[in-house]
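Here our numbering is used: the first residue of the first sequence is 39, the next is one more, and so on. A quick write-up on the structure given underneath.
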Amino acid sequence: MPELPEVETICRGLQPHLQGRTIVRVDVLQPRLRSLVEPALPGRLQDETIVRVGRRAKYILIFLANKTVWVFHLGMSGKLIHVDAATPLQKHDHMVATLDNGRELRYHDPRRFGLSVVVAEARLHEMPQLRHLGLDPFDSRFDGPYLHAFTKRSARRIRDLLLDQQVVAGVGNIYANEILFRVGVRPTHRACRLPRGKVEQIAAMIPKVLRDAIRWCGTSFSDYRDADDNFGEFQKRLRVYDREGEKCRSCPSVIKRLPLGNRSVFYCPACQV
DNA sequence: CGGTGGACCTGCTGGC
DNA sequence: TGCCAGCAGGTCCACC
């Protein structure tokens with residue numbers, strides 16, 4: 039589900055609710071996520087105060103006063119929501135953190151592809167999931183030459199390269215498709231065959247599209263919601279993703295869908311070469 | 001090493 | 001109406 043813009047929207051929504059709050063208790067209702075939630079996790083969080091909420095790629099980072107970090111990844115269908123304690127529990131609510139103001143932070147994830155761990159802040163960037171991540175697209179070092187260093191030596195399709203978190207951290211299938219439409223490149227184009235100028239354009243378009251999506255609070259199809267359980271708006275601004283058979287917004291052609299690996303690509307056969 | 005394809009889960013939709 | 005195949009925002013691992 040959530041790519042960088044959705045995760046960033048959730049973080050921005052959680053920050054004012056969580057900052058300065060103390061976690062009173064944590065209940066794990068279903069520990070079987072992508073990896074098992076360690077039994078010691080509730081004890082490591084109890085009575086800890088939240089300093090701030092941050093993000094690395096698609097990971098949500100809740101920094102605690104004792105210099106540990108509660109890390110979440112939402113997988114495909116995860117939600118992290120701040121609610122009133124009176125809100126009825128939903129099916130697939132797997133974790134509930136009660137805060138000192140009586141409100142609750144709930145982790146909900148039907149497909150259970152998500153992740154939740156607590157790590158020492160000093161070891162955060164050494165944890166297996168974060169260690170090999172590439173640059174965040176908003177990092178000042180992320181530019182054309184950086185991306186070109188990857189594209190020039192890769193025979194992969196450009197869509198697959200953009201999904202590789204070791205190259206750019208935070209792009210997922212929706213935004214990979216949207217970015218490539220906006221630079222007129224087919225998702226199936228081999229990375230190493232793209233001219234340097236096109237790679238520069240792609241590198242510039244990545245943060246542009248992601249920023250735009252953040253401005254619209256992310257993309258909601260079925261299950262994505264922000265920290266207050268509200269929909270995003272960017273689905274109204276998609277040019278190709280999930281628009282198979284519909285008219286291109288830039289020319290008279292019809293958007294095509296192609297299964298590529300186990301993720302569909304969407305493109306305009308006229309606008310994208 | 002690089003690249004591909006399947007596995008992990010549940011739920012929804014569309015075709016028959 | 002009911003059933004079943006196909007598909008879904010992501011990662012990780014086995015295999016070539």
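Idealized CB from N, CA, C, for every residue including glycine. Predicted model, so just to flag it, every value in this text is computed and none were measured.
Where residue i falls, given that 16 or more other Cβ within 10 Å makes a residue buried
{"i": "residue 180", "result": "buried"}
{"i": "residue 43", "result": "buried"}
{"i": "residue 227", "result": "buried"}
{"i": "residue 257", "result": "buried"}
{"i": "residue 158", "result": "exposed"}
{"i": "residue 264", "result": "buried"}
Under 8 Å between C-beta atoms of residue i and residue j
{"i": "residue 98", "j": "residue 61", "result": "no"}
{"i": "residue 279", "j": "residue 251", "result": "no"}
{"i": "residue 120", "j": "residue 83", "result": "no"}
{"i": "residue 71", "j": "residue 140", "result": "no"}
{"i": "residue 199", "j": "residue 310", "result": "no"}
{"i": "residue 201", "j": "residue 215", "result": "no"}
{"i": "residue 79", "j": "residue 132", "result": "no"}
{"i": "residue 195", "j": "residue 225", "result": "yes"}
{"i": "residue 298", "j": "residue 197", "result": "yes"}
{"i": "residue 282", "j": "residue 304", "result": "yes"}
Through-space distance from residue j to residue i, alpha-carbon basis
{"i": "residue 206", "j": "residue 168", "result": "12 Å"}
{"i": "residue 134", "j": "residue 106", "result": "19 Å"}
{"i": "residue 77", "j": "residue 59", "result": "23 Å"}
{"i": "residue 209", "j": "residue 156", "result": "24 Å"}
{"i": "residue 238", "j": "residue 288", "result": "22 Å"}
{"i": "residue 75", "j": "residue 187", "result": "37 Å"}
{"i": "residue 63", "j": "residue 292", "result": "53 Å"}
{"i": "residue 46", "j": "residue 173", "result": "16 Å"}
{"i": "residue 247", "j": "residue 223", "result": "15 Å"}
{"i": "residue 69", "j": "residue 185", "result": "38 Å"}
{"i": "residue 314", "j": "residue 277", "result": "Absent from the structure is residue 314, since the part of the chain shown begins at 39 and ends at 311."}
{"i": "residue 126", "j": "residue 164", "result": "38 Å"}
{"i": "residue 290", "j": "residue 81", "result": "59 Å"}
Proximity winner among the options, relative to residue i (alpha-carbon distances)
{"i": "residue 190", "options": "170, 157, 236 and 274", "result": "236"}
{"i": "residue 89", "options": "74, 79 and 108", "result": "108"}
{"i": "residue 262", "options": "84, 66 and 116", "result": "116"}
{"i": "residue 104", "options": "67, 124 and 160", "result": "160"}
{"i": "residue 204", "options": "138, 175, 230 and 66", "result": "175"}
{"i": "residue 113", "options": "187, 305 and 41", "result": "41"}
{"i": "residue 307", "options": "86, 295, 259 and 246", "result": "295"}
{"i": "residue 233", "options": "183, 284, 122 and 81", "result": "183"}
{"i": "residue 162", "options": "110, 260 and 293", "result": "110"}
{"i": "residue 147", "options": "300, 244 and 128", "result": "128"}
{"i": "residue 73", "options": "124, 137, 150 and 273", "result": "150"}
{"i": "residue 154", "options": "87, 197 and 65", "result": "65"}
Same chain, Cβ closer than 6 Å to residue i, neighbours up to 5 away in sequence not counted
{"i": "residue 91", "result": "49, 52, 53, 56 and 100"}
{"i": "residue 240", "result": "221"}
{"i": "residue 243", "result": "217, 220 and 221"}
{"i": "residue 302", "result": "295"}
Same chain, Cβ closer than 8 Å to residue i, neighbours up to 5 away in sequence not counted
{"i": "residue 171", "result": "94, 95, 203, 204 and 207"}
{"i": "residue 267", "result": "117, 119 and 121"}
{"i": "residue 18", "result": "Residue coverage of the chain in this structure runs from 39 to 311, which leaves residue 18 outside it and unanswerable."}
{"i": "residue 245", "result": "175, 176 and 180"}
{"i": "residue 284", "result": "292 and 293"}
{"i": "residue 86", "result": "60, 61, 102, 103, 104 and 106"}
Own chain, CB closer than 7 Å to residue i, minus 5 neighbours either side, in chain order
{"i": "residue 192", "result": "199, 229 and 230"}
{"i": "residue 254", "result": "270, 271, 272 and 275"}
{"i": "residue 138", "result": "59, 60 and 62"}
{"i": "residue 130", "result": "146, 147 and 148"}
Contact test: residue i Cβ vs the ligand MG heavy atom, cutoff 7 Å
{"i": "residue 269", "result": "Although the ligand MG was asked about, the structure shown includes no ligands whatsoever."}
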